[in-house]
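So the sequences go chain by chain: A and B. Those letters in the first sequence? Residues 1 to 324, per our numbering, in order. Those letters in the second sequence? Residues 1001 to 1324, per our numbering, in order. Worksheet: one structure, shown below.
Number of protein chains: 2
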Amino acid sequence: MSDVLIGVDLGGTNIKSAAVSRDGRVLGKDSRPTEAELGLEGVLKNIDASVRSVLEKAGIPFQDVIAAGVGAPGPMNWQTGVVFSPPNLPGWKDVPLADLLSQRWHVPCFVDNDANVACYGEFWLGAGREVDSMVLLTLGTGVGGGIVVMGQLLRGPDGTAGEIGHLCVSRGGRQCNCGAKGCLETYASVTGMVRTALEGIQQGENTILKEMCGGDYSGLTGKMISDAAAAGDEFALWVVQETGKWLGTAIGSLINLLNPEKVVLSGGMIAAGDLLFAPLRETALRQSFEVPGKRAMIVPAALDPDSGVIGAAGCALERLNKDS
Amino acid sequence: MSDVLIGVDLGGTNIKSAAVSRDGRVLGKDSRPTEAELGLEGVLKNIDASVRSVLEKAGIPFQDVIAAGVGAPGPMNWQTGVVFSPPNLPGWKDVPLADLLSQRWHVPCFVDNDANVACYGEFWLGAGREVDSMVLLTLGTGVGGGIVVMGQLLRGPDGTAGEIGHLCVSRGGRQCNCGAKGCLETYASVTGMVRTALEGIQQGENTILKEMCGGDYSGLTGKMISDAAAAGDEFALWVVQETGKWLGTAIGSLINLLNPEKVVLSGGMIAAGDLLFAPLRETALRQSFEVPGKRAMIVPAALDPDSGVIGAAGCALERLNKDS
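Structure (structure tokens):
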């Protein structure tokens, strides 16, 4: 097996690696703790160990690797591969990550935004593999996103394109961590959904959520809300539907703006299934023009939770091809 | 002069034409009434007469024309050049406009959305000529738009991409003609600005607008509001600022989503200058991430009102190059 791509998904909690063939077969995977508290040198060692473990287990010599791609959090310069100062990687400041790994591995290394590589993964080998344009929304603590148009990942000059979580869906609405108000993330992330529930509970809504979190609402999770909704709790169902409507509102805007063929959703929240997707799709259709609204298929991710690590390998191949 | 491009901006009221050289020199222009009431055949004759007049005045023989582009209103299939049924061109239904003109002129003809060609015009020869990515917002009766990313006009599979006026900026907000709620257009078009003023007046705001429209608010125009604001009327100033804030909110979202180098505004409303641009820029910066927010220059259009007719010629050249 020659022509192997390495993908790395660098998170604050876990490092994931994968080896992927040029034609998109996943040859091996690994996941291990990032140990961010060890600082830059320690994390680099963990990345290296994770990648070498994947190759060894798959029986791939390092000389078969033609390029490596890393999906990294926080702001960066994707052209130079310098990662600025990711909030969940303490001690990192202007780290020339692509160069450091390239020196270590003697192959071209490329760094991209983590949500963007996840989008590219779905585009290359997942839910968007047969289309030319798609958007990805990752629903977690925040809302991440990525955009592919005209067959290409949209990075933008600063690599910040695709911040779908920071589309304003309600001018003057909820305060967002980013400093703006009314961002989608404040309503449609897991955190936003919990906030919607807590606001309702404060207004005296009746719900089994109280029992589920043992009377201590600080322990309320997105999963509890989904479970309560699935169990028929009317208030929890309303919260899930409301979250779906916020998402549908933003997706309607994305459809009008980008005319994508697919809208792909990932993250634990999508386990809620039709309870979330039905109001989401209905709202997206109502909030978009008829022709592009019908065009855009709204579907769950196909590779989740490996969209990122596979997409990092795919981005490396794409950038290697562009450079040559 | 060989290698001439023809551009046509087909509106419900006026037809504009231009002849543009391959390297972007405007060789001649014409504008005349569309006479939409004459129906398809009459409008085609007017388009033909307008184009022939431009060429004749500029002393260009028709055999020097290598391609023609038309910016047309309403939904269409840009790949086939079929215009469906533009609301302001009565009697038009599934008109194969590109083929009809191509048969008449014996040159390749291309049809695109009118706001998209205006965006391409600014990108090719106007405010966006030195950048790789920009968005255009046209502020008129409605809010139109266009997007260029990675050096290419974003059309989308249905040609409907770039509908910036139908970005939702307020979930559940004002009812839009498109059927959705809270679209930017309902707040930031001239019509939206007038509506904001009328709502305030109904609530008893004091303003010189009453005198300006002779006591009959049905005659209230955007220009009256801008003029009153420039003359120091506090309420009118608030209305203009509020319009700027709605625009800034949407532009902040566009910056987070697309990381564009330029945001270009056109239409009569931008004559309000800093009264509009100051709150608009401030809001856009607050509603976007710092790096892409500082990157995006928010500027007036450079070719307005000829962005469309020049862009139509530019799109023809772009598509001719792609086809060959």
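Quick reminder that beta carbons are idealized off the backbone N, C-alpha and C, glycines included.
- At least one C-beta of chain B is nearer than 7 Å to the C-beta of F289 of chain A.
- Listed in chain order, the non-local C-beta contacts of S226 of chain A below 6 Å within the same chain comprise A272, local neighbours out to five positions each way being set aside.
- Closer than 7 Å to the CB of S170 of chain A there is at least one CB belonging to chain B.
- Contact check for V135 of chain A against V263 of chain A passes: the beta carbons are separated by less than 7 Å.
- Against G179 of chain A, the close residues of chain B are R1286, in the order they occur along the chain (beta-carbon pairs closer than 8 Å).
- The beta-carbon of D1158 of chain B is placed less than 7 Å from the nearest beta-carbon of chain A.
- Counting along the chain, the unbroken alpha helix (DSSP H) around K1057 of chain B starts and ends at G1039 to A1058.
- Taking each of B:L1044, B:L1038, B:E1041 and B:V1051 in turn and checking the Cα distance to D1030 of chain B, the smallest one comes out for B:V1051.
- Among the CB atoms of chain B, none fall inside 7 Å of the CB of E122 of chain A.
- Our two residues, S1002 of chain B and D1064 of chain B, have alpha carbons roughly 5 Å apart in a direct line.
- About 7 Å separates the CB atoms of G1248 of chain B and E1282 of chain B; that is less than 8 Å, so the two are in contact.
- Within a 10 Å sphere around the beta-carbon of H1166 of chain B sit 16 or more other beta-carbons, which makes this residue buried.
- According to the DSSP assignment, K223 of chain A belongs to the alpha helix (DSSP H) that extends over G222 to A230.
- Only P75 from the stretch 64-79 of chain A bring a Cβ to less than 9 Å from some Cβ of chain B.
- CA-CA distance, V1008 of chain B to G1069 of chain B, rounds to 6 Å.
- Out of A:L317, A:V309 and A:T196, the CA that lies nearest to the CA of A118 of chain A is found in A:V309.
- By DSSP's assignment, T191 of chain A forms no beta bridge with any residue.
- If you compare the alpha carbons of A:L220, A:D233, A:R286 and A:A36 with that of L254 of chain A, the shortest gap goes to A:R286.
- In this structure V1143 of chain B is not in contact with M1193 of chain B, their Cβ atoms being roughly 11 Å apart against a cut-off of 8 Å.
- Here the alpha carbon of L1257 of chain B sits roughly 9 Å from the alpha carbon of L154 of chain A.
- The closest CA to that of Q1241 of chain B, considering only B:L1220, B:F1110 and B:L1280, is found on B:L1280.
- In this structure A1115 of chain B does not touch G1081 of chain B by the C-beta definition: roughly 17 Å separates them, more than the 8 Å allowed.
- Beta-bridge partners assigned by DSSP to A1271 of chain B: none are found.
- Listed along chain B, the residues sitting closer than 7 Å to T249 of chain A by beta-carbon distance are C1168 and R1171.
- Each residue's CA atom was taken as its position, placing E1261 of chain B and A231 of chain A some 49 Å apart.
- Contact between T196 of chain A and T243 of chain A holds, since their C-beta atoms are separated by about 7 Å, short of 8 Å.
- For R295 of chain A, the residues of chain B that pass the 9 Å Cβ criterion are G1156, P1157, D1158 and T1160, in the order they occur in the chain.
- Within chain A, not a single residue places a beta-carbon under 8 Å from that of I1298 of chain B; the smallest gap is close to 16 Å.
- For P305 of chain A, no chain B residue has a Cβ inside 9 Å of its Cβ, as the nearest lies near 24 Å away.
- When rounded, the separation of the alpha-carbon atoms in N1177 of chain B and I1066 of chain B is 39 Å.
- One finds L1167 and C1168 in chain B with Cβ atoms closer than 7 Å to the Cβ of S253 of chain A, taken in chain order.
- Our two residues, L55 of chain A and L125 of chain A, have alpha carbons roughly 21 Å apart in a direct line.
- With respect to chain B, the C-beta atom of E163 of chain A has a partner C-beta closer than 7 Å.
- If you draw a 10 Å sphere on the C-beta of K322 of chain A, you find fewer than 16 other C-beta atoms in it, and that means exposed.
- The Cβ atoms of Y1187 of chain B and W1092 of chain B lie no closer than 7 Å to each other.
- Listed along chain B, the residues sitting closer than 8 Å to S133 of chain A by beta-carbon distance are G1156 and P1157.
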